[in-house]
Structure formats: structure tokens, C-alpha cells
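Taking full-length UniProt numbering, the leading residue of the sequence shown gets 1, the next gets one more, and so forth.
Every residue, glycine too, gets a C-beta built ideally from N, C-alpha and C.
Step one of this worksheet: look at the structure below.
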Amino acid sequence: MRTFAFARADSVERAVERRQGEPASAFVAGGTTLLDLVKLDVMRPSRVIDINALPLKSVERLHDDRLRIGALVTNTDLAYHPDVLADHPLLSQAILAGASTQVRNMATTGGNLMQRTRCPYFRDPTAACNKREPGSGCDARDGFNRMHAVLGGSDQCVAVHPSDMCVALAAIGATLTLQGPNGEREIDVADFHRLPGATPHLEHDLDDELIVAVTLAPPLKPLGTAYVKRRDRAAYEFALASAGAMLSLDEDLIGEARLALGGVATKPWRCHEAEALLAGKRAEIAAFEAAADVALADAEPLSHNAFKIPLARQAIVRALRDAARVAREDNA
Ligand code: SF4
């Protein structure tokens, strides 16, 4: 195993400062991604900065009623937080559909946003992988690509973004607060994860910065939500296709709809056109199927993953149907 320097930070400013001049350094909190990848020799940090002592472990309700989540709130604490359950049940549902209890107890909100792909070639230092080593090629394109993306890929990379939590954040809408050497800035979660394009090794819009908080958009009212995840086994497995849906209903007409996909795209995938199609329509299967067709219109299967398109379609229809049922109950 390669050695690395280790440092602890007791303030956000100090954590960012410790990163300066060490481009290969990495922050560690729960360590559920970083330590795996260091052991596999996929990530080779020159310095690891422990940020667990930073005061970023609370969920606060802001004066405008939005929820602000500290980057070190664990996935377990977030999923069961009463304000999250009340305002954003989709976030709770998505988190609890992912990983295991043990991993959720360690994994943090900021770390989940920074989660790396599960592409097996990325995790194998002997394979060609543009994301791990720019310009080396992509063994997945002509290899075993059953788990890979049908949306948002490029000839350089077709790796799926693995997070369930981030699918919920994409549907809900959120603002990330980042702290860098030149101060704080905010970025829409939709702009944080990059498409691979010609630079798959650049995964996030980050510039030597630390994620300090995630502020959620206000909830729809009345609200129905559902997260449907299709995978090879019922627990502790990544999505083959998932759909997070939010609907508000006026009688049986859809007021506003939000839809995002996981397991099928290179980043958490918001479906704006499908949402626009749903607005004002009767909440029924025909509308949900039409929305699913629009959401997947640009899907391009690889040699082993054409099955993901009908699987995602089914997940979308099921999520919208279940969200409508919950919204009707909320209206009653
Ligand atoms: Fe690497 Fe992306 Fe190709 Fe996987 S799909 S081998 S992560 S370049």
C-alpha cells in the first residue's frame, strides 16, 4: 500500500488551507468510498485530511422554511430526520434504498455527493479507463457494460453515477455551499456533477473546495413522492434503473411534477421535458407512460444494457403512479 500524509482539521478554513499546494490531497469523513479506492490503488492521495471534527453535522430550518443540511450529517441521520421526513420524504426513501445500515451510518451527505462510479474497469488499475487515467481508453465501451449508462455518455466514458441520494436531490432541487481558498460560493446541484464529454476525469464543478452544506428547495404542496429502484438483488445493491418522482395534485390533475433517474445515466438525471408534459394532465397511467417515453427518448444502449430502457420505463411509471397515490391520500 502507498503511504500518504495525514492531517486533521478543526475548522472549515483550516481544512481548505491544508489542501493548498497538494492537488492530490483528499478530504475524508466516513471514508466509505475513499478508503476502498485507496486499498485498490485507484485513488492515490498524497495527503488525507480528516474533516470529522468540523461543525457540519446538523440539519437546520432556515428563516424561509428551507432545510439546510450540514455536509457531515450522516445518511442515517438525514434519512430519519423529522424535518426531512415531513418536507422531503423522497430524500429519505432514496437514501434508505441505498447501501447497508452500516454504510449509511458512516457515509455523509457531502461524501455521497462525491461518490465515485462503480464501473469495474475504473476500479481495476490494470484496465484502460479515461476517468482514472485520462487518454488511456475505455474498456467498458467494448467490454462488459451491462451496468453502464444509456443517457449522458460519451465516446470517452459511459460510467453510471451510483448515488441514490443524489437522484432525490436532483428531483427536489438543491443548492450546494462550497468553501474554497477565496471564500464561499453556491452552486445548483444540477450543475455540480459534470457530464463526461471529453474529460471524464473531471467529475464535479469543484475548485480546491469543500462542500459545507446542501440547502433543499421548498417542498411541493400537497406532495406525493416515490422512489422506485430496480436492481439485481433486494438489498445492498446499486441500481440498474431507479426513478424518483414528486407530484402535486389538484383534484386529479397534476399541478407540478418532478422526476429524476438513477442507474441509467452518467450523472443524476433530471427529466425536465417529461415534467413539462405531465403538468396539467390527469394523473393516470397513459400520462405516466408518455412521460417515461419522453424521459428515455435519447437513451442509447450499449452492447449489454438495452434491457435498461424498458426497466427504467417501468420504474418511472411505477414511481409516478405511487407518487400520485400518495398525493391523493394527502389531499383527502
Ligand atoms: Fe473508465 Fe468510464 Fe470507461 Fe468505466 S466507462 S472504463 S469509468 S472511462
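Item: Contacts around residue 339, its chain only, beta-carbon distance under 8 Å, and the 5 residues preceding and following it disregarded; Value: Look at the range of the chain in this structure, 1 to 332, and you will see that residue 339 is not part of it.
Item: contact_flag[the stretch 160 to 167, the stretch 311 to 327] where n(CB pairs < 8 Å) is 3 or more; Value: no
Item: Per DSSP, the bridge partner or partners of Ala243; Value: Val228, Leu261
Item: Enclosing beta strand (DSSP E) for Phe27 [first to last residue]; Value: 26 to 28
Item: Bridge partner(s) assigned by DSSP for Glu186; Value: Thr177
Item: Residues passing the C-beta test against ligand 1 heavy atoms, cut-off 7 Å; Value: Thr117, Cys119, Tyr121, Phe122, Ala127, Ala128, Cys129, Asn130, Lys131, Arg132, Cys138, Asp139, Ala140, Arg141, His148, Gln156, Cys157, Val158, Ala159, Pro196, Pro200
Item: Integer-rounded CB distance, given that Val73 should sit under 8 Å from Thr108; Value: 7 Å
Item: Ile95, enclosing alpha helix (DSSP H) - first and last residue; Value: 89 to 96
Item: Contact under 8 Å by Cβ, Gly180 with Asp207; Value: yes
Item: Gly244 burial status per 10 Å Cβ neighbour count (16 or more: buried); Value: buried
Item: Distance CB(Ala171)-CB(Ala260) smaller than 8 Å; Value: yes
Item: Separation of Ala295 from Glu289, as counted between CA atoms; Value: 10 Å
Item: contact_flag[the stretch 45 to 54, the stretch 9 to 25] where n(CB pairs < 8 Å) is 3 or more; Value: yes
Item: Nonlocal neighbours in the same chain, by C-beta distance under 8 Å from Thr126, ignoring five residues either side; Value: none
Item: Segment limits, alpha helix (DSSP H) that includes Thr109; Value: 109 to 113
Item: Backbone CA spacing between Gly21 and Thr117 [nearest angstrom]; Value: 27 Å
Item: Contact set for Thr215: own chain, Cβ-Cβ below 6 Å, skip 5 residues either direction; Value: Arg66, Arg68, Thr175
Item: Enclosing beta strand (DSSP E) for Val48 [first to last residue]; Value: 47 to 50
Item: Alpha helix (DSSP H) segment containing Thr76, residue limits; Value: 75 to 79
Item: Pairwise C-alpha distance: Arg18 and Arg318; Value: 47 Å
Item: From Ile95, Phe122, Thr177, residue whose alpha carbon lies closest to that of Ala71; Value: Thr177
Item: Host alpha helix (DSSP H) of Arg8 (start-end); Value: Arg8 -> not in any alpha helix (DSSP H); beta strand (DSSP E) instead, spanning 5 to 8.
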